[in-house]
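In mature numbering (1 follows the signal peptide of the UniProt record, and there is no 0), the protein residues as written are -17 to -1, 1 to 617. Worksheet: the structure to be examined is printed underneath.
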């Protein structure tokens, strides 16, 4: 059987070939956005980067991404210097197109190498116990072709959403997702300080990744600063013995441990502060802090885009739109039936109708306008309200991460024989981290997507790709991945609106879905037949995974052994076929619908996709809540 490296290389070659075929495809305005950023960072001094406004596509990413654009511009001047002229708006010479498309393909190596490293980690067999007599040295063999590693590389390296966004629509999501996966890899292998460093770098490349900062903070505080070492689970002395309050079970005094924790916290803080100082320091020194914050956090753009992201605010906005249409017709009839209750003349009905007329004239929630849109009937959602909603949704996850740190604490004997329990540079339980951190990061980004302010529909991929790691280790996570990827990918299709790309986008999304279903079903068929889905897991991890799946009852009884998706999931997925038939065929064939209700296809797409997203989020939220409550009671 071919090695893991060989199969992953073959998959990477196929993915790269597809990317090359997509070079002539449709390019969104994001292509001009990044060309303009190349020009700004190359042609202007640093003091002008966040001030320049010749183009409407101003620089609104953090400084490290600006330096990334500057680095690319040093190569761009060798290809076509005209693309680096700020005044050359909408410049798209063949050389410019090839260069920018090529840089996206080239920088995807960060993602591909990261997912390969994670695939190898899943395929690494446990170390054998020390033999009584020394065995002859053997030649090291390449990583075995573990099915979990191959499936993970397929799910992430060939992700249809990344192909559509980066290599058709045009963005650089691959390189940033690669940094995130490298950060997770560092955490899973016990390199906690490196993990924090990479995450700090990522935050200074794209601030969308800020939603996982609380989870990372708790993880680093618990597993790097207040470490869980073999035989002494981090500051949890036994209450049955007074002396245990002063010393751990391995004889280390609390004072010594506290001193070590403070030192580690200082080192961690120094690393993070250094990254932010290098990134933001020059602009703070130039007195551009406020200007930088205005660019990075444009709250004036409103809660929703003209095309709503498939999150909690999509059904909220749809309900507001329905009420705005129904109430003006319903209220006069209610007034005629109940004149005494609703009043006449200048009563309640008239005031409500005047309010609806005023609000509906202020902005259209689905009319394609750029700027702040106001709800006509339902209460307005402020940035502060969305921030509170995100933090409240994250709270159970953070509690469980902190309180559960000792659950997988290895004994000194087990940690020496099992690589999943090995302890590097901090001594915390990598078994626990593997089991929970990836899930926590995915959930954090899903919370940000569901409740965030001015969320892009593209942001669902940030939650989806980390979930793929858990999907090859848990049947429940695999089901969640398939539902979230289906809803998320379908929600991306309206971004590519030209007829020329219709067949390409449908083929990519369907192919990825079919391959994902087949691969995950095969993976868990292999498990049920006695195979090993991830040799990195020991018996204790498998038992923990089974208990975690039992705690998330939603949908679990509907899934057959060997099949990841149950009938309820298939019913939801079948709805996408009906939705596509309506949006692409029925709506365009009926003039009344096409002319009077042009917003309906996008609204239905957002709302229907949000059902799947909210179902996955709700199930994960309930799972974290149960876990947090159990830890608090324990």
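Every residue, glycine too, gets a C-beta built ideally from N, C-alpha and C.
Which two residues bound the contiguous alpha helix (DSSP H) that contains residue i?
| i | result |
| --- | --- |
| residue 90 | 77 to 90 |
| residue 25 | 12 to 26 |
| residue 240 | 237 to 268 |
| residue 57 | 46 to 62 |
| residue 188 | From DSSP, residue 188 is part of no alpha helix (DSSP H); its letter is neither H nor E. |
| residue 437 | Premise fails: residue 437 is in no alpha helix (DSSP H) and is neither H nor E. |
| residue 472 | 458 to 475 |
| residue 366 | 366 to 386 |
| residue 2 | -14 to 4 |
| residue 290 | First-last for residue 290: undefined, no H or E at that position. |
| residue 278 | 272 to 279 |
| residue 194 | Unbroken run through residue 194: none, as it is neither H nor E. |
| residue 362 | Taken as a continuous stretch (DSSP letters only), residue 362 belongs to no alpha helix (DSSP H), as it is neither H nor E. |
| residue 67 | Where residue 67 is concerned, there is no enclosing alpha helix (DSSP H), given that its DSSP letter is neither H nor E. |
| residue 445 | 443 to 454 |
For residue i, I'd like the list of residues in its chain whose CB is within less than 6 Å of its CB, leaving aside the five on either flank, ordered along the chain.
| i | result |
| --- | --- |
| residue 599 | 463, 466, 467 |
| residue 358 | 303 |
| residue 159 | 188, 189 |
| residue 441 | 148 |
| residue 495 | 143 |
| residue 177 | 169 |
| residue 572 | none |
| residue 20 | 42, 52 |
| residue 597 | none |
| residue 272 | none |
| residue 165 | 97, 181 |
| residue 161 | 93, 94, 97 |
In its own chain, which residues sit with a C-beta less than 7 Å from the C-beta of residue i, not counting the 5 before and 5 after it?
| i | result |
| --- | --- |
| residue 244 | 208, 209 |
| residue 484 | 8, 9, 151 |
| residue 37 | 69, 70 |
| residue 137 | -7, 498, 502 |
| residue 34 | 274 |
| residue 426 | 380, 603, 607 |
| residue 421 | 167, 449, 452, 453 |
Apart from the five residues just before and just after residue i, which ones in its own chain have a Cβ nearer than 8 Å to its Cβ?
| i | result |
| --- | --- |
| residue 282 | 366, 436, 437 |
| residue 361 | 299, 302, 303, 306 |
| residue 247 | 207, 208, 210, 409 |
| residue 225 | Note that residue 225 scores 41 on pLDDT, short of 50, meaning its location in the model is unreliable; the coordinates nonetheless yield the value given after this. Once the five neighbours on either side are set aside, residue 225 has no close Cβ partner at all. |
My output table needs one value for residue i: the three-state DSSP class, helix, strand or coil.
| i | result |
| --- | --- |
| residue 154 | coil |
| residue 573 | coil |
| residue 141 | coil |
| residue 611 | helix |
| residue 600 | helix |
| residue 37 | coil |
| residue 589 | helix |
| residue 546 | coil |
| residue 175 | helix |
| residue 210 | coil |
| residue 417 | helix |
| residue 606 | helix |
| residue 113 | Residue placement at residue 113 is flagged as unreliable, the pLDDT there being 42, under the threshold of 50; a coordinate-derived value is accordingly withheld. |
| residue 481 | coil |
| residue 432 | helix |
| residue 282 | helix |
| residue 582 | coil |
| residue 563 | helix |
| residue 8 | coil |
| residue 296 | helix |
| residue 74 | coil |
| residue 149 | helix |
| residue 508 | helix |
| residue 42 | coil |
| residue 32 | coil |
| residue 129 | coil |
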